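Notes to accompany the following structure.
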Amino acid sequence: MNATRLSLALLLGAALAASPAEAQSKKKKPAATKPAAAPKTTPANAQMTSLQDRRSEGHFPRCTLGIELSDYPAHEVTAARVVVKKAVDDLGTNLVKEDAADVPLEPTQRGQFGKPDDGRPAPPAIVFAEMKNPPRAAKTLKEVSGEIELFVPSRDPNGEARIERFLALAGKAAAHPALRANGVEISFVSKAQLDAERKKAEEAETAKLKKEGYEDADSIRSMVESALYSFPKGEEREVILKVKDPKKAIQEIKAFSGSGERVFGTDSEESGFRVLTFWSEPPKADWTLSVQMRSDSSLVRHTFAFRDVPLP
Amino acid sequence: MVRSAVRRAVALGALLALCAAGTTEAQTNVKVVAKEVVDDRISEGMMKGGLVLLLDLEGDGLDVVQSARVRLKSAMADTGEDLLPKEEKAPDFSDRNVNAGTLQVVVNSPPRAASTVQVAGTVELFVPGRDASAVVRMPGALAKLDKPVVSKGLKSAKVELTLLSKAKYLEERKKNRLDEAKIAKIREEAKARGMKEEEADAIVEMAKAFDEMGEGDLPEHGFYLKVPVASEEKIQEVWLETAKGERLESGGSSSRSDEAFVLKQVALKAAPPKDAVLVARLLTDKSIVSVPFEMKEVRLP
Numbered sequence: 005m006n007a008t009r010l011s012l013a014l015l016l017g018a019a020l021a022a023s024p025a026e027a028q029s030k031k032k033k034p035a036a037t038k039p040a041a042a043p044k045t046t047p048a049n050a051q052m053t054s055l056q057d058r059r060s061e062g063h064f065p066r067c068t069l070g071i072e073l074s075d076y077p078a079h080e081v082t083a084a085r086v087v088v089k090k091a092v093d094d095l096g097t098n099l100v101k102e103d104a105a106d107v108p109l110e111p112t113q114r115g116q117f118g119k120p121d122d123g124r125p126a127p128p129a130i131v132f133a134e135m136k137n138p139p140r141a142a143k144t145l146k147e148v149s150g151e152i153e154l155f156v157p158s159r160d161p162n163g164e165a166r167i168e169r170f171l172a173l174a175g176k177a178a179a180h181p182a183l184r185a186n187g188v189e190i191s192f193v194s195k196a197q198l199d200a201e202r203k204k205a206e207e208a209e210t211a212k213l214k215k216e217g218y219e220d221a222d223s224i225r226s227m228v229e230s231a232l233y234s235f236p237k238g239e240e241r242e243v244i245l246k247v248k249d250p251k252k253a254i255q256e257i258k259a260f261s262g263s264g265e266r267v268f269g270t271d272s273e274e275s276g277f278r279v280l281t282f283w284s285e286p287p288k289a290d291w292t293l294s295v296q297m298r299s300d301s302s303l304v305r306h307t308f309a310f311r312d313v314p315l316p
Numbered sequence: 634m635v636r637s638a639v640r641r642a643v644a645l646g647a648l649l650a651l652c653a654a655g656t657t658e659a660q661t662n663v664k665v666v667a668k669e670v671v672d673d674r675i676s677e678g679m680m681k682g683g684l685v686l687l688l689d690l691e692g693d694g695l696d697v698v699q700s701a702r703v704r705l706k707s708a709m710a711d712t713g714e715d716l717l718p719k720e721e722k723a724p725d726f727s728d729r730n731v732n733a734g735t736l737q738v739v740v741n742s743p744p745r746a747a748s749t750v751q752v753a754g755t756v757e758l759f760v761p762g763r764d765a766s767a768v769v770r771m772p773g774a775l776a777k778l779d780k781p782v783v784s785k786g787l788k789s790a791k792v793e794l795t796l797l798s799k800a801k802y803l804e805e806r807k808k809n810r811l812d813e814a815k816i817a818k819i820r821e822e823a824k825a826r827g828m829k830e831e832e833a834d835a836i837v838e839m840a841k842a843f844d845e846m847g848e849g850d851l852p853e854h855g856f857y858l859k860v861p862v863a864s865e866e867k868i869q870e871v872w873l874e875t876a877k878g879e880r881l882e883s884g885g886s887s888s889r890s891d892e893a894f895v896l897k898q899v900a901l902k903a904a905p906p907k908d909a910v911l912v913a914r915l916l917t918d919k920s921i922v923s924v925p926f927e928m929k930e931v932r933l934p
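Sequences listed follow chains A and B, in order.
Note that this note's numbering has the first sequence beginning at 5, numbered continuously upward.
Note that this note's numbering has the second sequence beginning at 634, numbered continuously upward.
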């Protein structure tokens, strides 16, 4: 009987695994797109916090450099991406990953937990640069440099739309100036609307199959069910949204309880709907939805460079 | 590719008897082979790295093995460093159905200059069929909630467990929640490990998130257990079955614990009959088979 013990060792393990702190889901995640605009880039006030060289011929080999950004309180940086442009060890090995330029803007671990309490100062933001593993014979990283992009929603007055008591909006569209400013439209799909959409989808799929020559009713029913397997069910812990976001501005959608505590769950796209599924309980009437959106003002870019870093 | 490469490491086979007590014993060759080696090297700070060896068992008769664990006696780098951790707690047994039966051991990180390691120890196989007292049936347990289950089998194995009512479970779960004292303890441990205050803050926040995750609704049908930690270590599995011995289908389980007790909730697909029997599978000395092994040249990645 293996119990989940709330020990420091477990938490440490989780901390390592949770970078970035996004829950794993087999469902399709909403696309984390790169912003179109290119904000001004300045050198970062950056310190190296740790270097992890995870070596394996099997799963998840990686070399990760932790970068602390003293000028940014962790809770203000809700997402980040680090593009490594140069990474070379003392043997001259090029450690830049093939997909280095395509790293998405991902939620930061520390940015998930809200503001610090107990009057303590906020810890600084930490971001991570990913590289290939250097050979065992290498002793140092001669140079690691590139660009850091930070999403700081508090820098843009229209960076966040807080939709209070959103459950009451079932069947309606959210009206918020920040959504309008970013060209975003969000509708809360009611169970009746979802059922109607499913019926339409079933009819369309049935017509398609008949056109392809299928005649047996049972076979068609079974194939329609299979085709619509991932269609949202509108279950108790789910909130179903229809989202129009032509500029791909939405970075993240989060929920908060009536007392302001973050409520964790998953956010996935299924059959054209955006589905929020909460882990611990069904959404309540006093919950608030926070939609965070990227813009030129909320995206900050810095360069960074580290030299002669000893390898662990 | 990976698998075949690391399998070159020498595994010592062993002849042993795995069959059930009372039947003719057949000798079976079980050996330990390396499946994957992960050298997780971390410079400094809150995390500690290590060399992770993922090991598979091969041989005949493994179908009667319910779970297994590896206990290392030595771990040495080819550069001469002893890699065996000083304070090693006995690992939990790992069910053969979890992770395709792959076992895991972690030793200290070898030097960067090392190219191979040599490890030796024993793999302990839990074969409940070797000991009739490894499976304890407790008829009528559902009728006596909130008091330790009275059972000769449990008593002789020095195992204690209590089936809880929903109300009592909720009360216990509330007591088990993260409070200021527990948070202070986490901070104390973090400090002892040399962490900075902001690192401890991050750990506390994560503990709060885990704590919240364990606060979900209770299943419509299920049963609830409170088990002292010392007893929990001897319990491999617990389930309900009908009086005729048909196992009731489970919808998953979760548990949370502190230093003294483990609280466990097991969801059931349907309401259990009143005469359902609680069954525990226990680790007993007779049910465990030890197989020595040695791997001489495990190549480091």
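Note that the Cβ used here is the ideal one computed from N, Cα and C, for glycine as well.
Every value quoted in this text rests on a predicted model; they were computed, and no experiment measured them.
Give the range of the beta strand (DSSP E) segment to which residue i is assigned.
i                  : result
Ser-60 of chain A  : 50-60
Val-584 of chain B : The question about residue 584 of chain B has no answer here: the residues shown for chain B are numbered 634 through 934.
Leu-183 of chain A : That residue, Leu-183 of chain A, is in no beta strand (DSSP E); its alpha helix (DSSP H) goes 181-185.
Ala-823 of chain B : Not the beta strand (DSSP E): Ala-823 of chain B falls in the alpha helix (DSSP H), residues 813-825.
Asp-290 of chain A : It is not in any beta strand (DSSP E) - Asp-290 of chain A carries neither H nor E in the DSSP assignment.
Trp-872 of chain B : 868-874
Which first and last residues belong to the alpha helix (DSSP H) in which residue i is found?
i                  : result
Thr-755 of chain B : Element bounds for Thr-755 of chain B: not the alpha helix (DSSP H) but the beta strand (DSSP E), 749-759.
Leu-803 of chain B : 799-809
Leu-213 of chain A : 195-215
Gly-786 of chain B : 785-789
Val-862 of chain B : 862-865
Ala-231 of chain A : 221-231
Is residue i close to chain A, meaning its C-beta is less than 7 Å from at least one C-beta of that chain?
i                  : result
Ile-675 of chain B : yes
Asp-918 of chain B : no
Arg-745 of chain B : yes
Glu-821 of chain B : no
Asp-689 of chain B : no
Val-671 of chain B : yes
Pro-852 of chain B : no
Asp-834 of chain B : yes
With H, G and I counted as helix, E and B as strand and the rest as coil, what does DSSP make of residue i?
i                  : result
Pro-128 of chain A : strand
Ser-302 of chain A : coil
Asp-938 of chain B : As displayed, chain B neither begins before 634 nor continues past 934, which places residue 938 of chain B out of reach and without an answer.
Glu-714 of chain B : coil
Val-769 of chain B : strand
Phe-843 of chain B : helix
Let me see if you follow: with CB-CB separation under 7 Å, is residue i close to chain B or not?
i                  : result
Gly-62 of chain A  : yes
Ser-263 of chain A : no
Ser-54 of chain A  : yes
Asp-57 of chain A  : yes
Arg-140 of chain A : yes
Pro-316 of chain A : yes
Pro-77 of chain A  : no
Pro-161 of chain A : no
At the level of alpha carbons, what is the spacing between residue i and residue j?
i                  : j                  : result
Ala-654 of chain B : Ser-60 of chain A  : Unreliable placement is indicated for Ala-654 of chain B, whose pLDDT of 45 sits below 50; no coordinate value is reported for it.
Val-768 of chain B : Asp-715 of chain B : 40 Å
Gln-869 of chain B : Leu-797 of chain B : 19 Å
Tyr-857 of chain B : Lys-897 of chain B : 6 Å
Lys-907 of chain B : Leu-794 of chain B : 19 Å
Leu-55 of chain A  : Glu-273 of chain A : 35 Å
Val-148 of chain A : Val-670 of chain B : 27 Å
Thr-749 of chain B : Met-135 of chain A : 24 Å
Val-760 of chain B : Ser-920 of chain B : 5 Å
Pro-934 of chain B : Ala-747 of chain B : 10 Å
Arg-184 of chain A : Asp-103 of chain A : 34 Å
Ala-177 of chain A : Ser-299 of chain A : 22 Å
Ala-903 of chain B : His-854 of chain B : 6 Å
Ser-883 of chain B : Pro-161 of chain A : 50 Å
For residue i, count the other beta carbons within 10 Å of its own beta carbon; 16 or more makes it buried, fewer makes it exposed. Which is it?
i                   : result
Val-1008 of chain B : Residue 1008 of chain B lies beyond the range of chain B shown here (634 to 934); nothing can be said about it.
Val-625 of chain B  : Outside the shown range of chain B, which is 634 to 934, sits residue 625 of chain B, and nothing can be said about it.
Asn-186 of chain A  : buried
Gln-28 of chain A   : With a pLDDT of only 34 at Gln-28 of chain A, under the threshold of 50, the placement of this residue in the model should not be trusted, and no figure is reported.
His-63 of chain A   : exposed
Tyr-233 of chain A  : exposed
Asn-98 of chain A   : exposed
Ser-74 of chain A   : exposed
Gly-682 of chain B  : buried
Pro-287 of chain A  : buried
Say the cut is 6 Å; is the CB of residue i nearer than that to a heavy atom of the ligand ADP?
i                  : result
Pro-761 of chain B : Within the structure as shown, the ligand ADP is missing, as the structure has no ligands at all.
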